[in-house]
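**Student:** Mapping of the sequence shown onto the numbering used here: residues 74 to 376, in sequence order.
Backbone N, C-alpha and C fix where the C-beta goes; we use that ideal spot for every residue, glycine too.
All of these numbers come straight from a predicted model, not from anything done at the bench.
Structure incoming, see below.
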Amino acid sequence: MRYLEEFRDLLARRAARTGERTFGFEYELISSKPVSYEGFRRVKDAVTEAGFVHRNRQLIDDSGMYITFEPGGQIEFSSPPLRRFDFDLFDMLLDKIDGVVEFVKAAAGVEYLPKPYIAGRGTAPMLLEAERYKALHELLGRTGNRGREMMKGTAAIHFHAALMNTEELLRLWIFMCSLSREEGFRMGPDRRDIWNRTDPSRCGLTCTASKNISNSSVLVEQLVSFALRAVDLHTEIPFGERSPQPDFISFLEHFSTIFTDVRLNLKGMTIELRTLDSRPLHLFRETWLTYLDMFQRVMDDRA
74 MRYLEEFRDL
84 LARRAARTGE
94 RTFGFEYELI
104 SSKPVSYEGF
114 RRVKDAVTEA
124 GFVHRNRQLI
134 DDSGMYITFE
144 PGGQIEFSSP
154 PLRRFDFDLF
164 DMLLDKIDGV
174 VEFVKAAAGV
184 EYLPKPYIAG
194 RGTAPMLLEA
204 ERYKALHELL
214 GRTGNRGREM
224 MKGTAAIHFH
234 AALMNTEELL
244 RLWIFMCSLS
254 REEGFRMGPD
264 RRDIWNRTDP
274 SRCGLTCTAS
284 KNISNSSVLV
294 EQLVSFALRA
304 VDLHTEIPFG
314 ERSPQPDFIS
324 FLEHFSTIFT
334 DVRLNLKGMT
344 IELRTLDSRP
354 LHLFRETWLT
364 YLDMFQRVMD
374 DRA
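Okay, structure coming up:
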């Protein structure tokens with residue numbers, strides 16, 4: 074299979090560098106009203122006034138938390154790697170998120186809400202300039218009937234757990250899949266309907282199939298195979314059918330556009346759970362603590 078051995082080698086090298094188990098989150102909020110181009114400029118200016126600086130194409134602060142934006146102007150806060158008992162740091166990050174959101178509202182006039190979905194955003198301005206997002210926006214206008222709502226009208230929470238070695242991949246994948254069906258972790262009906270009608274080639278890999286996978290090596294093969302069947306953003310044909318064959322770096326870029334409920338995140342070398350709906354910070358904190366407890370129970374069962 075194309076790219077499979079290179080992909081296996083990459084996973085093994087990056088997992089070997091992990092060192093210790095860490096966790097992370099991405100926390101998104103959506104604007105109460107569609108954001109204009111001028112409003113988006115004000116938001117980005119306000120974020121820098123709040124102490125976030127440009128570094129490596131990211132807006133990052135001295136805690137290591139960074140801010141990115143989604144195509145409809147949704148704001149996303151991403152944590153630095155967190156150890157299981159970094160409760161003080163976690164609470165400090167939540168306080169900072171709350172402060173930034175309030176500052177942006179006052180300075181830029183844009184109110185951000187912890188809501189998973191606001192209707193009518195499919196036709197809102199596409200605010201990001203990166204070619205990847207432009208291509209995805211064009212593609213999702215054709216492959217499903219709600220893909221642009223996914224890009225501009227939803228807000229989610231993602232949980233990460235660092236992968237320590239490739240042998241534990243299947244175990245963590247199954248855990249995240251089981252979590253994706255639990256109350257408080259699964260998608261609500263609004264986001265689920267959008268997800269189901271976005272792009273089956275990107276979002277259609279269900280966790281059900283993992284029950285029949287015998288080991289992590291087979292799971293890796295399935296993930297690569299699914300990515301090869303997913304439609305390429307630029308040519309709109311399955312990536313594995315492109316000719317001439319793209320290089321491995323191009324495949325990795327394509328792999329990062331796969332939006333399944335559970336995902337192997339190569340940037341941070343983590344298993345990523347993507348189903349959680351956005352929610353107020355106090356509820357988010359409760360969910361985070363539950364996640365850590367459930368994760369530890371799974372790891373203790375292995376011992």
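In whole angstroms, what is the alpha-carbon distance linking H359 and E211?
**Tutor:** Sequence inspection shows Glu at residue 359; the His mentioned does not correspond to that position. Whole-angstrom Cα-Cα distance: 38 Å.
**Student:** Please work out which residues of its chain come closer than 6 Å, Cβ to Cβ, to K178, disregarding the five sequence neighbours upstream and downstream, and give them in chain order.
**Tutor:** Answer for K178: E184, listed in chain order.
**Student:** Should the region 194 to 204 be called in touch with the region 309 to 320, which here means at least 3 C-beta pairs below 8 Å?
**Tutor:** With the cut-off at 8 Å, the region 194 to 204 and the region 309 to 320 do not touch.
**Student:** Please classify P189 as buried or exposed, where buried requires at least 16 other C-beta atoms within 10 Å of its C-beta.
**Tutor:** Buried: at least 16 other Cβ atoms inside 10 Å.
**Student:** By Cβ distance below 7 Å, which residues in the same chain neighbour E222 in space, the five residues on each side in sequence not counted?
**Tutor:** If we look at E222 and ignore the five residues flanking it on each side, its Cβ neighbours are R194, G195, I267.
**Student:** For the 8 Å Cβ check, are there 3 or more pairs between the region 235 to 254 and the region 167 to 174?
**Tutor:** These segments do not touch.
**Student:** Report yes if the C-beta distance between A203 and E101 is below 7 Å; otherwise report no.
**Tutor:** No; because the gap between Cβ atoms is not below 7 Å, this pair is not in contact.
**Student:** In the DSSP output, which residue or residues are listed as bridge partners for V183?
**Tutor:** Paired residues: none, contrary to the question.
**Student:** Do you know offhand how far L77's Cα is from R259's?
**Tutor:** Approximately 30 Å between the Cα atoms of the pair.
**Student:** Based on Cα-Cα distance, which residue from A208, V120, T227, D118 lies nearest to R352?
**Tutor:** The shortest Cα separation from R352 among A208, V120, T227, D118 belongs to T227.
**Student:** Taking all protein chains shown into account, decide if V378 is buried (16 or more other Cβ within 10 angstroms of its Cβ) or exposed.
**Tutor:** The structure shown does not extend to residue 378, since the chain spans only 74 to 376, so no value can be given for it.
**Student:** On a Cα-Cα basis, can you pick out the residue from T141, F113, G112 that is closest to F125?
**Tutor:** That would be T141, whose Cα lies nearest to the Cα of F125.
**Student:** Quick one: which unbroken beta strand (DSSP E) runs of 3-plus residues sit fully inside the region 219 to 260? Chain order, please.
**Tutor:** As far as the region 219 to 260 is concerned, its whole beta strand (DSSP E) runs of at least 3 residues are 229 to 235.
**Student:** Residues bridged to Q318 by DSSP?
**Tutor:** BP columns for Q318 are empty, so no partner.
**Student:** Could you name the residues that DSSP lists as bridge partners for P311?
**Tutor:** In DSSP, P311 forms a bridge with V304.
**Student:** Would you be able to state if there are at least three C-beta pairs under 8 Å between the region 285 to 301 and the region 317 to 335?
**Tutor:** The region 317 to 335 is in contact with the region 285 to 301.
**Student:** Is it the case that the region 81 to 95 contacts the region 107 to 122, given that we only count it when at least three CB pairs across the two stretches are under 8 Å?
**Tutor:** These segments do not touch.
**Student:** Could you tell me which uninterrupted beta strand (DSSP E) segments, each at least 3 residues in length, are contained entirely in the region 328 to 356, listed from first to last along the chain?
**Tutor:** Segments of the beta strand (DSSP E) lying fully in the region 328 to 356: 335 to 338, 343 to 350.
**Student:** In whole angstroms, give me the CA-to-CA distance for M74 and L166.
**Tutor:** Going from the Cα of M74 to the Cα of L166 covers about 43 Å.
**Student:** Give the single residue among P144, E99, G146 whose Cα lies nearest to the Cα of G137.
**Tutor:** With distances taken between Cα atoms, G137 lies closest to E99.
**Student:** Residues in the same chain with beta-carbon distance under 7 Å from I286, minus the five sequence neighbours each way, listed in chain order, please.
**Tutor:** L243, L292, Q295.
**Student:** For P262, which of T348, P153, D159 has the nearest alpha-carbon?
**Tutor:** Out of T348, P153, D159, T348 has the C-alpha closest to the C-alpha of P262.
**Student:** From the DSSP secondary-structure annotation, give me the bridge partner or partners of V126.
**Tutor:** Per DSSP, I133.
**Student:** Out of G182, D334, A303, which has the shortest C-alpha to C-alpha gap to E255?
**Tutor:** When only C-alpha atoms are compared, the closest one is D334.
**Student:** Looking at L213: is its Cβ nearer than 7 Å to the Cβ of L346?
**Tutor:** No; because the gap between Cβ atoms is not below 7 Å, this pair is not in contact.
**Student:** Can you name the residues that DSSP bridges to T141?
**Tutor:** DSSP, once it has assigned bridges, lists E149 as partnering T141.
**Student:** Since Y100 is in the beta strand (DSSP E), which residue starts that stretch and which ends it?
**Tutor:** Note, Y100: beta strand (DSSP E), 96 to 104.
**Student:** Count the other CB atoms within 10 Å of the CB of L145; is the residue buried (16 or more) or exposed (fewer)?
**Tutor:** Residue 145 is actually Gly in this sequence, not Leu. Buried, since its Cβ has 16 or more Cβ neighbours within 10 Å.
**Student:** Give the C-beta separation of L344 and A234 to the nearest angstrom, bearing in mind that I take them to be a contact with Cβ-Cβ under 8 Å.
**Tutor:** For clarity, residue 344 is Ile in the given sequence; the question names Leu instead. Between A234 and I344 the Cβ distance is about 5 Å, and since that is below 8 Å, they are a contact.
**Student:** Pick helix, strand or coil for L167, following the three-state DSSP scheme.
**Tutor:** Note: L167 maps to helix in three-state DSSP.
**Student:** Roughly how many whole angstroms lie between the Cα atoms of Q381 and S329?
**Tutor:** Within the shown structure, residues of the chain are numbered from 74 to 376, placing residue 381 beyond reach of any answer.
**Student:** For Y110, name the three-state secondary structure that DSSP assigns.
**Tutor:** DSSP places Y110 in helix when its eight states are reduced to three.
**Student:** Could you pull out every residue in the same chain whose Cβ sits closer than 7 Å to the Cβ of L186, ignoring the five residues on either side in sequence?
**Tutor:** Answer for L186: L102, I103, S105, listed in chain order.
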